[in-house]
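Sequences listed follow chains A and B, in order.
Residue numbering for the first sequence is 1 to 145, as defined by UniProt numbering.
Residue numbering for the second sequence is 1 to 517, as defined by UniProt numbering.
Before any comments, here is the structure.
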Amino acid sequence: MTVKIVVGLDGTETGERALNFAKDMASRIDACELIVIYVIEWSPFTFQTAEENAQRHKRREEEIALATSRIVEPAVTALRDAGFTARGIVRHGDVAETLDKLTVENGGSQIIVGRASADGFAKRVFGSSTQNLVMHASVPVTVVG
Amino acid sequence: MKKTSLFSLTSVLAALTASPLVAQDAVGIDEKVNQVFAQATGPFVSLIFAPFPGTSFPWIVMWLVVAATIFTLYFGFVQFRFFKHAIQLVKGDYSDPNDAGEVSHFQALATALSGTVGLGNIAGVAVAVGIGGPGATFWMILAGLLGMASKFTECTLGVKYRNEYEDGTVSGGPMYYISKGFNELGLPGGKILAVVFSVFCILGALGGGNMFQANQAHAQISGIVGDYPGWITGIVFAAVVFAVIVGGIKSIANVTEKVVPFMGILYVGAALIILIVNYDQIGWAFGQIFAGAFTGLGVAGGMVGALIQGFKRAAFSNEAGVGSAAIAHSAVKTKEPITEGFVSLLEPLIDTVVICTMTALVIVISQQLIIDPTTGNYMLNEAGNAIATVDGNSGVALTSAAFASGISWFPYVLAIAVVLFAFSTMISWSYYGLKAWTYLFGESKTSELVFKVIFCIFIVIGAAASLGPVIDFSDAAIFAMAVVNIFCLYFLMKLVKKELASYASRLESGEIKKFTH
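This is the structure we're talking about:
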C-alpha cells in the first residue's frame with residue numbers, strides 16, 4: 001500500500017526545509033506519494049465591497065494560478081525530478097483546518113510543515129497556523145524547524 | 001506631507017466658517033441650492049407620491065405592499081418556510097469546499113446589508129415615528145416581513161440572469177434580468193424597461209444612496225460641533241468618496257467595510273442596553289405601537305398617516321422590491337441561483353424587523369415625543385404635520401436625543417456611526433448607480449469616470465440642501481426604481497417559482513445535501 005505524506009507549504013524558507021525532510025522520509029519508504037499542499041488564507045466570513053465581490057472570481061483564479069506556478073509546481077517538479085511520486089493541491093481556506101481536511105480526504109497518513117512564520121502580536125493573540133494544526137490535526141504532524 | 005495638507009484644509013475650513021461675511025454667503029449658497037433643487041425635483045416627486053383620488057394615500061406605498069403580499073402568497077410564505085435553510089446557507093453548511101475563495105453567501109449578504117443598514121435605520125425611523133407616531137413601527141415591521149418575499153424574488157433573478165464576462169468579473173441586477181428574462185419568456189419591451197429601470201437606478205443612487213446620506217451626516221456633525229454651512233461637509237465627503245471610487249484608494253473603503261459592521265453591533269448593543277435598563281417600559285412601548293397602529297394616537301392623518309409612514313420608511317430602509325439588492329447579491333458563486341434568494345430574505349428581517357424596531361422602541365421609551373396628558377394622544381408641532389418633540393428635533397437628531405437620554409455620551413458614537421454608515425451606503429450606491437450607468441452607456445473607463453464625478457457633485461448638493469426636499473427626492477427616486485422593477489417581477493416570478501419547486505424537491509429528496517465541515 002502506498003503511504004501518502006502531506007507537505008504543507010507557506011512559500012517561505014521553512015517550507016523548503018519541510019520539503020527536504022519529507023524527501024528524506026519518502027526515500028526510506030518503498031511506496032510513497034508526496035502531496036504538496038498550499039492553502040491561501042481566506043475566510044467566507046469577511047466583509048467586502050460590492051466591487052470586490054464582482055471581481056472575486058477573477059481574483060481567485062489569479063491567486064490559484066500564482067500559488068500554483070510560484071510555489072506548488074516548482075516543488076512538485078523538483079520532487080518528480082528527484083524520482084519521487086508527487087502531486088500538488090492549491091485551496092483557499094483557513095490554513096490549519098484546510099490542510100487537515102485535505103489530508104484526510106486524500107488518505108494522507110501524516111503532515112509535515114515548517115515552523116510558524118507569523119510573528120509578534122497576531123501570533124500571540126490568535127496563535128499561528130502551525131500551532132492550530134498541531135492542536136487539531138487528525139493525523140500525526142511533524143514540524144520542521 | 002499628508003498631515004500638512006490636512007492641517008491646511010482644516011484651517012481653511014475654520015477660516016471660512018469664522019468669517020461672518022463668508023458664512024453669510026455660505027448660508028446663501030445653501031439656500032440657493034435648496035431652492036433650485038426643490039423646484040427642479042418637485043414635479044417628479046409629486047408624480048411618484050400622487051395620492052389615490054379623494055384620499056391622502058400615495059399609490060406607490062400601496063404598490064409596494066401589494067407586491068410584497070402577492071409574492072408572499074405566490075411563493076407560499078417562503079420567508080417562513082425557508083428561514084432555517086437561509087441561516088444554514090449563510091453558515092456555509094451547503095457550500096462546496098471546492099468553491100472556497102469565491103464570494104460566499106455571508107459576504108454577499110453582508111455587502112448588501114452594508115448598503116441598506118444605515119441612515120434609514122437611524123434617521124428614517126425617527127422620521128417615521130416623528131410623523132406617524134409609534135404606530136408607524138407596527139406597519140414598518142409588517143412591511144419588513146412581507147418585503148422578505150420581494151427581496152427573495154429579485155435576488156434569485158439577479159443571480160440567475162447576471163452577466164459573467166470572460167475575465168471572470170460579473171454584472172447583475174434588474175436591468176439584466178428584465179431584458180434577459182423577458183427575452184426568455186418571449187415578451188416584448190424587456191430592453192426598454194431595463195433602460196427605464198437603469199435611469200431610475202441612477203437617480204436613486206444620487207438621491208437616497210447619496211444626497212440623503214450626505215444631508216443627514218451633515219445634520220449629525222453640525223449638531224455636535226455647531227452650525228456651519230452644509231456645502232463644507234459636502235466637499236469633504238465628496239473628496240473622500242472621490243478618492244475611493246475614482247482614485248481607487250481601496251484602503252479607505254476597506255477600513256470602512258470592516259468598521260461599519262462593528263458600528264452596527266455597537267448601535268444594536270446600545271439600543272439593547274437602553275431597553276434592558278427600561279425593561280419595565282417595554283410593555284408600555286409595544287402598547288403604544290399597537291394602539292398607534294390602529295388609531296394613530298392623534299398623529300396627522302390618524303391610522304392611515306401611521307401606516308403610510310411605516311410602509312414608506314420600511315421600503316426606504318430595506319429596499320425590498322427596489323432592485324438594488326439584486327445588484328449586490330449577483331456576485332455570489334453558486335450553481336443554484338435560488339440559494340441567494342433565500343439568503344437575501346434575511347436582509348429585511350435584520351434591517352427592518354430587528355434594527356428599525358429597536359430604534360423605534362428607544363425613541364418611544366425615551367419619551368422624546370410629547371404626549372398630551374389630558375387625552376393620552378401625541379401633540380402635534382406648530383405646523384401640525386409632525387409630533388411635537390422635546391427639543392423640536394426630527395430625523396437623526398431625534399434618534400440622537402433619544403439615545404442620549406439613556407447613555408449621555410452616545411451622540412458622539414452615533415455621530416461617528418452616522419458618518420461611517422453614510423459613507424458605506426454611498427460607496428455601495430455608487431456601485432449600483434455605476435452598474436446602471438454602464439448598462440446604458442457601456443463599460444468604458446471614460447463613461448465610468450463621468451458617472452463617478454456626477455456622483456461626487458451630488459454629495460455637495462445633498463449636504464447643502466435642507467432635509468425636506470432631499471427626503472422627498474430620495475424617496476421618489478428609490479420608489480421609481482420599484483415601479484419598474486415590481487412591474488417586471490410580476491412577469492418573471494413564474495421563473496422563480498419553477499426554480500423554487502425544483503430546489504425544494506431536490507432538497508427534500510436529499511439530492512442537495514450538506515457538506516460536512
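All C-beta atoms, glycine included, are put in the ideal place defined by N, C-alpha and C.
Keep in mind that this is a model prediction, so the values were computed, not measured.
inquiry  = Does residue 141 of chain B come out as helix, strand or coil in the three-state DSSP assignment?
reply    = Taking the second sequence and counting its residues from 1, the one referred to as residue 141 of chain B is at position 141. Residue 141 of chain B: helix per DSSP, three-state reduction.
task = With 8 Å as the threshold, decide whether the Cβ of residue 20 of chain A is near any Cβ in chain B.
result = Residue mapping note: residue 20 of chain A aligns to position 20 of the first sequence, counting from 1. Judged by the 8 Å Cβ criterion, residue 20 of chain A is not in contact with chain B.
Cut-off 7 Å between Cβ atoms - residues of its own chain near residue 21 of chain B, not counting five sequence neighbours on either side = Indexing the second sequence from 1 puts residue 21 of chain B at position 21. Residue placement at residue 21 of chain B is flagged as unreliable, the pLDDT there being 45, under the threshold of 50; a coordinate-derived value is accordingly withheld.
query = Since residue 362 of chain B and residue 276 of chain B are thought to touch, with beta carbons under 8 Å apart, how far apart are those beta carbons, to the nearest angstrom?
reply = As a working mapping, residue 362 of chain B is identified with position 362 in the second sequence. As a working mapping, residue 276 of chain B is identified with position 276 in the second sequence. No, residue 362 of chain B and residue 276 of chain B are not in contact; Cβ-Cβ is about 11 Å, not under 8 Å.
ask   = So residue 138 of chain B and residue 298 of chain B are in contact, right, with Cβ under 8 Å, and what is the actual spacing, rounded?
value = The count along the second sequence starts at 1 and reaches residue 138 of chain B at position 138. The count along the second sequence starts at 1 and reaches residue 298 of chain B at position 298. So it is not a contact: roughly 16 Å between Cβ atoms.
task = Give every residue of the same chain whose Cβ lies closer than 7 Å to the Cβ of residue 100 of chain A, excluding the five residues on either side of it in the sequence, and list them in chain order.
result = Along the first sequence, one-based indexing puts residue 100 of chain A at 100. Result list for residue 100 of chain A: 133, 136, 137, 138, in chain order.
ask   = Do residue 231 of chain B and residue 396 of chain B have their CB atoms nearer than 8 Å?
value = Here residue 231 of chain B refers to the residue found at position 231 when the second sequence is read from its first residue. Here residue 396 of chain B refers to the residue found at position 396 when the second sequence is read from its first residue. Against a cut-off of 8 Å, the Cβ pair of residue 396 of chain B and residue 231 of chain B comes out as no contact.
task = May I ask which residues mark the beginning and end of the beta strand (DSSP E) holding residue 4 of chain A?
result = Taking the first residue of the first sequence as 1, we reach residue 4 of chain A at position 4. Note, residue 4 of chain A: beta strand (DSSP E), 3-9.
message = How far does the beta strand (DSSP E) with residue 110 of chain A in it extend, from its first residue to its last?
response = Numbered from 1 along the first sequence, position 110 holds the residue referred to as residue 110 of chain A. Residues 110-114.
message = Just to check my reading of the structure: residue 246 of chain B and residue 449 of chain B have Cβ atoms closer than 8 Å, yes? What is that Cβ distance to the nearest angstrom?
response = Position 246 of the second sequence holds residue 246 of chain B. Position 449 of the second sequence holds residue 449 of chain B. Sure, about 7 Å apart at Cβ, within 8 Å.
ask   = Is the Cβ of residue 11 of chain A closer than 8 Å to any Cβ of chain B?
value = Working through the first sequence from its first residue, we reach residue 11 of chain A at position 11. Not closer than 8 Å to any Cβ of chain B, the Cβ of residue 11 of chain A fails to qualify, so no.
key: Alpha carbon of residue 256 of chain B to alpha carbon of residue 511 of chain B, nearest angstrom   = For the purposes of this step, residue 256 of chain B is taken as the residue at position 256 of the second sequence. For the purposes of this step, residue 511 of chain B is taken as the residue at position 511 of the second sequence. Rounded to the nearest angstrom, the two C-alpha atoms are 40 Å apart.
task = In the DSSP assignment, find the unbroken beta strand (DSSP E) run with residue 34 of chain A in it and report its ends.
result = Taking the first residue of the first sequence as position 1, residue 34 of chain A is located at position 34. From DSSP, the beta strand (DSSP E) with residue 34 of chain A extends over 32-41.
Neighbouring residues, chain B, relative to residue 56 of chain A (Cβ below 7 Å) = If you number the first sequence from 1, residue 56 of chain A lands on position 56. In chain order: 102, 103, 331.
task = Measuring only between beta-carbons, confirm whether residue 95 of chain B sits less than 8 Å from chain A.
result = Your numbering for residue 95 of chain B matches position 95 in the second sequence. Closer than 8 Å: yes.
inquiry  = Taking CB distances under 8 Å as the criterion, tell me whether residue 93 of chain A reaches chain B.
reply    = One-based indexing of the first sequence puts residue 93 of chain A at position 93. Yes, residue 93 of chain A counts as interfacial toward chain B.
query = Name the DSSP beta bridge partners of residue 57 of chain A, please?
reply = Indexing the first sequence from 1 puts residue 57 of chain A at position 57. In the DSSP output, where bridge partners are listed per residue, residue 57 of chain A has none listed.
query = Applying a beta-carbon distance threshold of less than 9 Å, which residues of chain B neighbour residue 65 of chain A?
reply = Position 65 of the first sequence holds residue 65 of chain A. Correct list: empty, because the minimum Cβ distance to chain B is about 11 Å.
request  = Let me know the secondary structure DSSP gives residue 76 of chain B once reduced to three states.
outcome  = Numbered from 1 along the second sequence, position 76 holds the residue referred to as residue 76 of chain B. In this structure, residue 76 of chain B counts as coil in the three-state DSSP scheme.
inquiry  = For a cutoff of 8 Å on Cβ pairs, would you count residue 209 of chain B as touching chain A?
reply    = The residue given as residue 209 of chain B occupies position 209 in the second sequence. With 8 Å as the cut-off, residue 209 of chain B does not count as an interface residue toward chain A.
key: Beta bridge counterpart(s) of residue 317 of chain B as assigned by DSSP   = The residue labelled residue 317 of chain B in the question sits at position 317 within the second sequence. Its beta-bridge partners do not exist; DSSP assigns none.
task = Name the one or two DSSP bridge partners that residue 51 of chain B has.
result = Locating residue 51 of chain B in the second sequence gives position 51, counting from the first residue. Bridge partners of residue 51 of chain B: B:58.
inquiry  = Within 10 Å of its beta-carbon, does residue 34 of chain B have 16 or more other beta-carbons around it, so buried, or fewer, so exposed?
reply    = As a working note, residue 34 of chain B is residue 34 in the second sequence. With 16 or more other Cβ atoms within 10 Å, it is buried.
Sequence-distant residues of its chain with Cβ nearer than 7 Å to residue 56 of chain B (five each side left out) = Your numbering for residue 56 of chain B matches position 56 in the second sequence. Closer than 7 Å at the Cβ level, and outside the excluded window around residue 56 of chain B, lie 301, 304.
ask   = Going along the segment 413-436 of chain B in order, which residues come within less than 7 Å of chain A, judged by CB to CB distance?
value = 427, 428, 431
message = Check for me: the alpha helix (DSSP H) holding residue 14 of chain A runs from which residue to which?
response = Residue mapping note: residue 14 of chain A aligns to position 14 of the first sequence, counting from 1. Its alpha helix (DSSP H) spans residues 13-27.
ask   = Which residues in the same chain as residue 364 of chain B place their Cβ atom closer than 8 Å to its Cβ, once the five residues preceding and following it in sequence are excluded?
value = Translated into the one-based positions of the second sequence, residue 364 of chain B becomes position 364. So the qualifying residues of the chain are 129, 134, 137, 285, 288, 289.
request  = Decide yes or no for the touch test of the segment 336-346 of chain B against the segment 63-73 of chain A: beta carbon pairs closer than 8 Å, at least 3 of them.
outcome  = no
query = Of the choices B:445, B:178, B:162, B:81, whose alpha-carbon is the least far from that of residue 149 of chain B?
reply = Counting from 1 along the second sequence, the entry for residue 149 of chain B is found at position 149. Closest option to residue 149 of chain B, Cα to Cα, is B:81.
query = Where do the N-terminal and C-terminal ends of the alpha helix (DSSP H) with residue 397 of chain B fall, by residue?
reply = Within the second sequence, numbered from 1, the residue matching residue 397 of chain B stands at position 397. Element bounds for residue 397 of chain B: 396-406.
message = Distance check for residue 357 of chain B and residue 374 of chain B, CA to CA, integer angstroms please.
response = If you number the second sequence from 1, residue 374 of chain B lands on position 374. If you number the second sequence from 1, residue 357 of chain B lands on position 357. If you take the alpha carbons of residue 374 of chain B and residue 357 of chain B, they lie about 28 Å apart.
task = Please go through the same chain and pick out, in chain order, the residues whose beta-carbon is closer than 8 Å to the beta-carbon of residue 141 of chain A, but skip the five residues on each side of it.
result = Residue mapping note: residue 141 of chain A aligns to position 141 of the first sequence, counting from 1. Taken in chain order, the residues that qualify are 110, 111, 112, 113, 133, 134.
key: Close-in-space but distant-in-sequence residues of the same chain around residue 223 of chain B (CB under 7 Å, 5 per side omitted)   = For the purposes of this step, residue 223 of chain B is taken as residue 223 along the second sequence, with counting starting at 1. Once the five neighbours on either side are set aside, the close Cβ partners of residue 223 of chain B are 397, 400.
query = Do you know how far the Cα of residue 31 of chain A is from the Cα of residue 250 of chain B?
reply = By one-based count along the second sequence, residue 250 of chain B stands at place 250. By one-based count along the first sequence, residue 31 of chain A stands at place 31. Going from the Cα of residue 250 of chain B to the Cα of residue 31 of chain A covers about 50 Å.
The segment 403-423 of chain B / the segment 313-321 of chain B touching (three or more Cβ pairs under 8 Å) = no
Bridge partner(s) assigned by DSSP for residue 87 of chain A = Position 87 of the first sequence holds residue 87 of chain A. Answer is A:35.
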